[in-house]
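Participant: Residue numbers for the sequence shown follow my numbering, so the first one is 17 and each next one is one higher.
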Amino acid sequence: MVEDAVAVDASCSTEDWLLHAKELVPIALDKAREVKGFPTRWKMIISRLEQIPSMLSNLSSHPCFSKNALCKEQLQAVSNSLRDAIESAELCLKEKYEGKLQMQSDLDALIGKMDLNLRDCGLLIKTGMLGEATLPLTVASVSGSVEQSDSAAHNNIRELLARLQIGHLEAKHKALDSVVEVMKEDEKNVLAVMSRSNIAALVQLLTATSTRIREKTVTVICSLAESGSCEDWLVSEGVLPALIRLVESGSAVGKEKAAISLQRLSMSAETSREIVGHGGVCPLVELCQTGDSVSQAAAACSLKNISAVPEVRQVLAEQGIVRVMINLLTCGMLLGSKEYAAECLQNLTASNESLKRSVVSEGGVRSLLAYLDGPLPQESAVAALRNLVGSVSETTLVSLGLLPRLVHVLKSGSSGAQQAAASAICRVCSSTEMKKLVGEAGCIPLLVKMLEAKPSSAREISAQALASLMTVSYNRREVKKDDKSVPNLVQLLDPSPQNNAKKYAVTCLGLISSSKKCKKLMISYGAIGYLKKLTEMDIPGAQKLHERLERGKLRSLFGKK
Numbered sequence: 017m018v019e020d021a022v023a024v025d026a027s028c029s030t031e032d033w034l035l036h037a038k039e040l041v042p043i044a045l046d047k048a049r050e051v052k053g054f055p056t057r058w059k060m061i062i063s064r065l066e067q068i069p070s071m072l073s074n075l076s077s078h079p080c081f082s083k084n085a086l087c088k089e090q091l092q093a094v095s096n097s098l099r100d101a102i103e104s105a106e107l108c109l110k111e112k113y114e115g116k117l118q119m120q121s122d123l124d125a126l127i128g129k130m131d132l133n134l135r136d137c138g139l140l141i142k143t144g145m146l147g148e149a150t151l152p153l154t155v156a157s158v159s160g161s162v163e164q165s166d167s168a169a170h171n172n173i174r175e176l177l178a179r180l181q182i183g184h185l186e187a188k189h190k191a192l193d194s195v196v197e198v199m200k201e202d203e204k205n206v207l208a209v210m211s212r213s214n215i216a217a218l219v220q221l222l223t224a225t226s227t228r229i230r231e232k233t234v235t236v237i238c239s240l241a242e243s244g245s246c247e248d249w250l251v252s253e254g255v256l257p258a259l260i261r262l263v264e265s266g267s268a269v270g271k272e273k274a275a276i277s278l279q280r281l282s283m284s285a286e287t288s289r290e291i292v293g294h295g296g297v298c299p300l301v302e303l304c305q306t307g308d309s310v311s312q313a314a315a316a317c318s319l320k321n322i323s324a325v326p327e328v329r330q331v332l333a334e335q336g337i338v339r340v341m342i343n344l345l346t347c348g349m350l351l352g353s354k355e356y357a358a359e360c361l362q363n364l365t366a367s368n369e370s371l372k373r374s375v376v377s378e379g380g381v382r383s384l385l386a387y388l389d390g391p392l393p394q395e396s397a398v399a400a401l402r403n404l405v406g407s408v409s410e411t412t413l414v415s416l417g418l419l420p421r422l423v424h425v426l427k428s429g430s431s432g433a434q435q436a437a438a439s440a441i442c443r444v445c446s447s448t449e450m451k452k453l454v455g456e457a458g459c460i461p462l463l464v465k466m467l468e469a470k471p472s473s474a475r476e477i478s479a480q481a482l483a484s485l486m487t488v489s490y491n492r493r494e495v496k497k498d499d500k501s502v503p504n505l506v507q508l509l510d511p512s513p514q515n516n517a518k519k520y521a522v523t524c525l526g527l528i529s530s531s532k533k534c535k536k537l538m539i540s541y542g543a544i545g546y547l548k549k550l551t552e553m554d555i556p557g558a559q560k561l562h563e564r565l566e567r568g569k570l571r572s573l574f575g576k577k
């Protein structure tokens with residue numbers, strides 16, 4: 017009988033609970049084998065009971081068996097299941113159960129309970145949770161106070177994380193509450209001990225039927241994703257489909273945290289492809305239109321990250337991303353949403369002609385130009401316009417006010433925005449008339465000033481823009497008027513391999529070399545020495561300009577005599 021086994025309560029030791037469980041096993045087996053009714057179910061129960069002795073042996077033989085609170089709890093759970101088995105067997109033997117269907121249901125529940133016991137005890141042994149007990153006193157005593165404190169914290173957190181994997185759902189829910197609190201106060205130590213099995217347990221909880229559990233779980237996963245230390249584990253354990261489903265049909269909190277998680281994870285091109293493959297684009301596009309301010313910004317950033325992968329851009333377009341991003345440029349609830357939309361449009365228009373036409377037809381040029389009038393960073397919007405200028409007529413660009421905005425960016429934009437504006441000028445100047453309009457808008461002095469910029473890429477693109485513009489006489493006169501133009505261009509004749517602007521500098525100087533004043537300035541700033549080296553490097557136009565300056569130098573010398 018059960019009463020004959022060792023009497024135990026919560027205050028008893030782990031060893032007492034082990035002895036109690038061992039004594040209950042033969043009693044439960046004997047009773048179970050006597051039952052004649054419900055043979056299929058009792059056969060399954062007996063098979064579980066027969067596995068318990070070896071499981072108890074494996075558990076108790078571990079060096080940390082008596083030091084880990086999880087062992088004691090599991091032995092209590094096993095003992096409860098054994099008592100339930102004995103009581104159920106006695107009811108079946110005496111046929112005192114309330115009804116056949118109810119008894120069948122109770123036996124099914126008992127089988128599930130015993131399966132959970134076997135699974136949880138197996139996890140304790142196989143995953144190394146038992147080895148994560150508190151350090152023995154002899155080890156702790158020789159550790160410094162800080163290290164001792166850290167070790168204790170790590171072990172407490174390990175035990176807490178282990179509870180996410182064992183027990184019934186309510187027990188996991190309580191553990192999850194504690195993990196959320198610990199993450200708020202001690203995220204660093206949680207991250208230090210987080211294992212792949214812990215991640216797997218969290219991902220499984222994302223699909224729980226309880227909204228509260230899903231919300232708390234995705235809050236923890238969001239912190240893990242933002243930390244940047246668990247990305248590979250999260251993805252490999254299948255977090256993406258679960259996050260996408262939350263974005264699609266979760267609560268407001270669930271959608272927000274899932275979108276922020278995807279925002280961080282989508283920074284990887286490979287993960288971006290997986291998000292697309294799991295059907296994540298449509299829910300993110302929808303969230304951009306219906307979510308609150310934070311969710312909208314996170315979804316927009318996720319889509320921006322995904323749009324950086326060229327091969328998935330057409331899929332994005334098919335889900336209506338172009339119209340949504342153009343709408344965000346003007347109606348985004350947060351400034352960040354607008355900025356992400358501009359970056360996304362820059363990516364979408366980088367090379368795909370079909371997407372360029374789509375952005376233009378949806379009114380993207382007008383929206384991008386309006387965006388430039390605001391306080392946000394301009395680089396992405398200018399870069400998107402640069403990508404689009406070839407798809408729009410010059411007349412339309414002028415009427416929409418492109419040129420004064422490019423001038424504004426050249427005057428006060430960041431280095432990246434200025435380079436994008438200079439690049440846009442290169443692309444938009446396809447006719448003599450347009451080149452003249454650009455010059456008349458006041459771009460020449462600003463491009464000349466850019467020749468002094470620190471980034472070599474800025475010097476190169478400004479020299480290229482000037483080389484194109486200076487084929488028009490009005491613009492050449494503007495260059496000649498600027499006292500800095502010749503010295504800046506001569507400096508760009510530097511023959512070093514890192515200087516990619518030298519070929520454009522040769523072109524620019526060649527176009528104004530008919531001016532005696534400019535020619536004298538070129539000579540005085542050392543252009544001849546540079547050009548001699550560039551001639552040896554076969555830079556186009558270098559030899560001709562070198563010869564012209566040499567003749568000018570000789571005339572000057574003879575004139576002095």
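Note that the Cβ used here is the ideal one computed from N, Cα and C, for glycine as well.
If you're wondering where the values come from, they're calculated on a predicted model, not measured in any experiment.
Since T221 and T235 are thought to touch, with beta carbons under 8 Å apart, how far apart are those beta carbons, to the nearest angstrom?
Facilitator: Against the sequence shown, residue 221 aligns to sequence position 205. Against the sequence shown, residue 235 aligns to sequence position 219. The question names Thr, but residue 221 is Leu in the sequence shown. About 11 Å; that fails the 8 Å criterion.
Participant: Does the contact criterion of 3 or more C-beta pairs under 8 Å hold for the stretch 419-433 versus the stretch 381-398?
Facilitator: Enough Cβ pairs lie closer than 8 Å, so yes.
Participant: Taking only the alpha-carbon atoms, compute the straight-line gap between C108 and K142 and give it to the nearest angstrom.
Facilitator: Here residue 108 refers to the residue found at position 92 when the sequence shown is read from its first residue. Here residue 142 refers to the residue found at position 126 when the sequence shown is read from its first residue. Whole-angstrom Cα-Cα distance: 36 Å.
Participant: Let me confirm a value: Q335 is counted as buried when at least 16 other C-beta atoms fall within 10 Å, else exposed. Which label applies?
Facilitator: Start at 1 with the first residue of the sequence shown, and residue 335 comes out as number 319. Under this definition Q335 is a buried residue.
Participant: Can you give me the Cβ contacts of E50 inside the same chain, cut-off strictly under 8 Å, excluding the 5 residues immediately before and after it?
Facilitator: As a first step, residue 50 must be located in the sequence shown, where it is residue number 34. Hits under 8 Å: A105, L109.
Participant: Between the C-alpha atoms of P257 and L40, what's the straight-line distance to the nearest angstrom?
Facilitator: In the sequence shown, the residue the question calls residue 257 occupies position 241. In the sequence shown, the residue the question calls residue 40 occupies position 24. Looking at the two C-alpha atoms, the distance is approximately 44 Å.
Participant: Between K271 and G307, how many whole angstroms is the CB-CB distance? I'm expecting something under 8 Å.
Facilitator: The residue you call residue 271 lines up with position 255 of the sequence shown. The residue you call residue 307 lines up with position 291 of the sequence shown. Yes, they are in contact, since the Cβ atoms of K271 and G307 sit about 6 Å apart, within 8 Å.
Participant: Classify V263 as helix, strand or coil using the three-state DSSP reduction.
Facilitator: Counted from its first residue, the sequence shown places residue 263 at position 247. In the structure shown, V263 sits in a helix (DSSP, three-state: H, G or I).
Participant: Which of helix, strand or coil does DSSP assign to Q559?
Facilitator: By 1-based counting over the sequence shown, the position of residue 559 is 543. Three-state result, Q559: helix.
Participant: Can you look up M199 in the DSSP assignment and give me helix, strand or coil?
Facilitator: One-based indexing of the sequence shown puts residue 199 at position 183. M199 falls in the helix class under three-state DSSP.
Participant: In terms of residue numbering, what span does the alpha helix (DSSP H) encompassing D499 cover?
Facilitator: Counted from its first residue, the sequence shown places residue 499 at position 483. D499 -> no alpha helix (DSSP H), and no H or E assigned at all.
Participant: At what residues does the alpha helix (DSSP H) containing T412 begin and finish?
Facilitator: On the sequence shown, residue 412 is found 396 positions in, with the first residue counted as 1. That run of the alpha helix (DSSP H) goes 410-415.
Participant: L508 by DSSP, collapsed to three states: which one?
Facilitator: If you number the sequence shown from 1, residue 508 lands on position 492. Coil.
Participant: Could you please give the first and the last residue of the uninterrupted alpha helix (DSSP H) stretch that includes S288?
Facilitator: Position 272 of the sequence shown, counted from the first residue, corresponds to residue 288. Unbroken alpha helix (DSSP H) run through S288: 285-293.
Participant: If you check the beta carbons only, do L98 and L65 fall under 9 Å apart?
Facilitator: In the sequence shown, counting from the first residue as 1, residue 98 sits at position 82. In the sequence shown, counting from the first residue as 1, residue 65 sits at position 49. Going by C-beta atoms, L98 is nearer than 9 Å to L65.
Participant: Of the choices E111, W33, L550, whose alpha-carbon is the least far from that of N96?
Facilitator: By one-based count along the sequence shown, residue 96 stands at place 80. Checking every option, the nearest Cα to that of N96 belongs to W33.
Participant: Taking the alpha-carbon positions, what's the S431 to S267 distance?
Facilitator: Here residue 431 refers to the residue found at position 415 when the sequence shown is read from its first residue. Here residue 267 refers to the residue found at position 251 when the sequence shown is read from its first residue. Taking the straight line from one Cα to the other gives about 42 Å.
Participant: Smallest Cα separation from Q362: which of Q330, D389, K320?
Facilitator: As a working mapping, residue 362 is identified with position 346 in the sequence shown. Of the listed residues, the one whose Cα sits closest to Q362 is K320.
Participant: Could you give the distance in angstroms between the alpha-carbon of K88 and the alpha-carbon of H184?
Facilitator: The residue given as residue 88 occupies position 72 in the sequence shown. The residue given as residue 184 occupies position 168 in the sequence shown. Whole-angstrom Cα-Cα distance: 16 Å.
Participant: Tell me the residue span of the alpha helix (DSSP H) that contains V454.
Facilitator: Within the sequence shown, residue 454 is the residue found at index 438, counting from 1. First-last of the alpha helix (DSSP H) with V454: 448-456.
Participant: Is G557 buried or exposed, if buried means 16 or more other CB atoms sit within 10 Å of its CB?
Facilitator: The residue labelled residue 557 in the question sits at position 541 within the sequence shown. Looking at its Cβ environment, which holds 16 or more other Cβ atoms inside 10 Å, G557 is buried.
Participant: If the criterion is Cβ atoms closer than 9 Å, does the pair C238 and S277 meet it?
Facilitator: Residue 238 sits at position 222 when you count from the first residue of the sequence shown. Residue 277 sits at position 261 when you count from the first residue of the sequence shown. Their beta carbons are under 9 Å apart, which means C238 touches S277 by this criterion.
Participant: Quick check on DSSP: helix, strand or coil for S530?
Facilitator: In the sequence shown, counting from the first residue as 1, residue 530 sits at position 514. If DSSP states are grouped into helix, strand and coil, S530 belongs with coil.
Participant: Run through DSSP, which three-state label would P471 get?
Facilitator: Here the question's residue 471 lines up with position 455 in the sequence shown. It is coil, neither helix nor strand.
Participant: Could you tell me how far apart the beta carbons of L180 and N214 are, in whole angstroms, since I believe they sit closer than 8 Å?
Facilitator: If you number the sequence shown from 1, residue 180 lands on position 164. If you number the sequence shown from 1, residue 214 lands on position 198. At roughly 6 Å, the Cβ-Cβ gap stays under 8 Å, so L180 and N214 are in contact.
Participant: Please report how far the alpha carbon of V196 lies from the alpha carbon of S415, in whole angstroms.
Facilitator: Position 180 of the sequence shown, counting from 1, holds the residue named residue 196. Position 399 of the sequence shown, counting from 1, holds the residue named residue 415. Their backbone Cα atoms lie some 56 Å apart in a straight line.
Participant: Using the Cβ count rule (16 or more neighbours within 10 Å means buried), how would you classify C246?
Facilitator: Within the sequence shown, the letter at position 230 stands for residue 246. Counting Cβ neighbours within 10 Å, C246 comes out buried, since at least 16 surround it.
Participant: Under 9 Å between the Cβ atoms of C459 and A481?
Facilitator: Locating residue 459 in the sequence shown gives position 443, counting from the first residue. Locating residue 481 in the sequence shown gives position 465, counting from the first residue. Yes, these two residues count as a Cβ contact at 9 Å.
Participant: Mind checking whether I127 and M60 have CB atoms under 9 Å apart?
Facilitator: The residue you call residue 127 lines up with position 111 of the sequence shown. The residue you call residue 60 lines up with position 44 of the sequence shown. Result yes, Cβ atoms of I127 and M60 sit closer than 9 Å.
Participant: Output the distance between the C-alpha atoms of K188 and I182, rounded to the nearest integer angstrom.
Facilitator: Position 172 of the sequence shown holds residue 188. Position 166 of the sequence shown holds residue 182. Taking the straight line joining both Cα atoms gives about 7 Å.
Participant: Only counting the same chain, and skipping five residues up and downstream in sequence, which positions put a Cβ closer than 6 Å to that of S501?
Facilitator: For this step, residue 501 is matched to residue 485 along the sequence shown. Excluding positions up to five away in sequence, the list reads V464, V495.
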